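Numbering (our numbering), first residue to last: 4 to 273.
Shown next, in structure tokens, is the structure this report addresses.
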Ligand code: HPA
């Protein structure tokens with residue numbers, strides 16, 4: 004008989020290792036941003052030890068959960084995510100996010116690597132996600148039987164958290180423009196024609212993650228915010244050769260800025 008892991012199973016493993024610590028915020032780290040797990044003082048648990056956590060993985064992700072404190076704030080940091088393109092499941096992050104809610108978090112902060120459409124937000128800069136376009140057309144809530152599935156996504160990216168992030172960025176002297184993020188399924192990158200289309204549709208950047216997690220986060224009642232680390236100009240808009248290697252190599256520039264913003268925001272107690 005096969006049994007399916009539940010969030011309670013993973014929570015039991017975490018509670019046994021942490022003594023039942025509860026957190027305020029969850030942080031999901033995108034490609035090339037995983038080193039932030041090392042900044043957290045706490046208990047690190049390999050995803051392989053957590054029932055129901057993603058087993059495959061994408062290079063550039065650290066694949067561990069760290070529960071502890073960052074700038075004094077109790078946090079759970081997910082060093083890597085599962086993507087829709089790995090197994091064709093838009094709900095790939097549902098169980099880890101249920102675990103986060105079970106850990107007591109009320110806030111979900113997401114990060115990703117993305118390609119920019121705007122010269123004003125070049126590689127190495129950050130974009131604060133103001134809203135998204137679910138271009139993949141997939142919802143992680145397909146199959147959810149309860150009425151809670153009819154999630155309202157107006158202000159899905161919490162205005163209060165966005166203001167706090169902008170204030171922290173300003174105090175650090177770091178540019179943080181807002182924009183619309185388009186979710187493209189991946190794993191292949193987009194064609195230049197697709198980028199022109201997404202631009203016409205109103206997007207400012209494109210990436211392969213985050214949107215399903217925001218939908219799940221709102222479903223679970225979490226306040227959500229997300230920041231893109233711009234690693235390249237999107238296809239057809241720049242001269243660099245777009246590749247996963249390039250994404251991983253470029254992410255640390257923006258990631259260092261993002262870390263400063265997050266640390267300042269957490270020190271302020273948000
Ligand atoms: N497209 C999609 N995902 C990405 C990109 C891109 O240009 N850069 C980093 N992640």
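Just so you know, even glycine gets a beta-carbon here, dropped at the ideal spot from N, CA and C.
Keep in mind the model is a prediction, meaning the values are calculated, not measured.
Does the beta carbon of residue i fall short of 7 Å from some heavy atom of ligand 1?
i, result
"residue 235", "yes"
"residue 280", "What the structure shows of the chain is the stretch from 4 to 273, and residue 280 is not part of that stretch, so it cannot be assessed."
"residue 209", "yes"
"residue 19", "no"
"residue 243", "no"
"residue 118", "yes"
"residue 193", "yes"
"residue 184", "no"
"residue 138", "no"
"residue 250", "yes"
"residue 187", "yes"
Run the CB neighbour count on residue i, radius 10 Å, all protein chains shown included, and call it buried at 16 or more, exposed below.
i, result
"residue 79", "buried"
"residue 145", "exposed"
"residue 212", "buried"
"residue 167", "buried"
"residue 32", "buried"
"residue 161", "buried"
"residue 41", "exposed"
"residue 257", "buried"
"residue 203", "exposed"
"residue 270", "exposed"
"residue 75", "exposed"
"residue 248", "exposed"
"residue 246", "exposed"
"residue 228", "buried"
"residue 150", "exposed"
"residue 253", "buried"
"residue 104", "buried"
"residue 91", "exposed"
"residue 7", "exposed"
At the level of alpha carbons, what is the spacing between residue i and residue j?
i, j, result
"residue 235", "residue 35", "13 Å"
"residue 197", "residue 132", "20 Å"
"residue 129", "residue 260", "8 Å"
"residue 110", "residue 25", "13 Å"
"residue 9", "residue 243", "43 Å"
"residue 37", "residue 240", "27 Å"
"residue 122", "residue 187", "20 Å"
"residue 221", "residue 147", "14 Å"
"residue 39", "residue 223", "25 Å"
"residue 18", "residue 230", "29 Å"
"residue 125", "residue 226", "28 Å"
"residue 87", "residue 263", "29 Å"
"residue 71", "residue 23", "11 Å"
"residue 272", "residue 169", "15 Å"
"residue 20", "residue 11", "14 Å"
"residue 139", "residue 163", "28 Å"
"residue 275", "residue 193", "Look at the range of the chain in this structure, 4 to 273, and you will see that residue 275 is not part of it."
"residue 65", "residue 106", "21 Å"
"residue 4", "residue 173", "Per-residue confidence for residue 4 stands at a pLDDT of 43, beneath the threshold of 50, marking its modelled position as unreliable; no derived number is given."
"residue 69", "residue 266", "16 Å"
"residue 171", "residue 134", "20 Å"
"residue 49", "residue 73", "19 Å"
Please look up how many angstroms separate the CB atoms of residue i and residue j, rounded, as I've assumed it's under 8 Å.
i, j, result
"residue 238", "residue 190", "Wrong, their Cβ atoms sit about 14 Å apart, outside the cutoff."
"residue 82", "residue 67", "5 Å"
"residue 219", "residue 102", "Contact flag wrong, Cβ pair sits at about 12 Å."
"residue 29", "residue 96", "With a Cβ gap of about 11 Å, residue 29 and residue 96 do not count as contacting."
"residue 185", "residue 206", "4 Å"
"residue 214", "residue 201", "Not a contact, Cβ separation roughly 13 Å."
"residue 27", "residue 99", "Incorrect: roughly 17 Å between the Cβ atoms, too far for contact."
"residue 141", "residue 93", "4 Å"
"residue 183", "residue 136", "6 Å"
Looking at residue i and ligand 2, is the gap between the Cβ and the nearest heavy atom below 7 Å?
i, result
"residue 7", "What this structure holds is ligand 1, not ligand 2."
Any contact of the region 223-235 with the region 110-123, i.e. 3+ C-beta pairs under 8 Å? Yes, the region 223-235 is in contact with the region 110-123.
Does the region 53-67 come close enough to the region 148-161 that 3 or more CB-CB pairs lie under 8 Å? In this structure the region 148-161 does not touch the region 53-67; the number of beta carbon pairs closer than 8 Å is below three.
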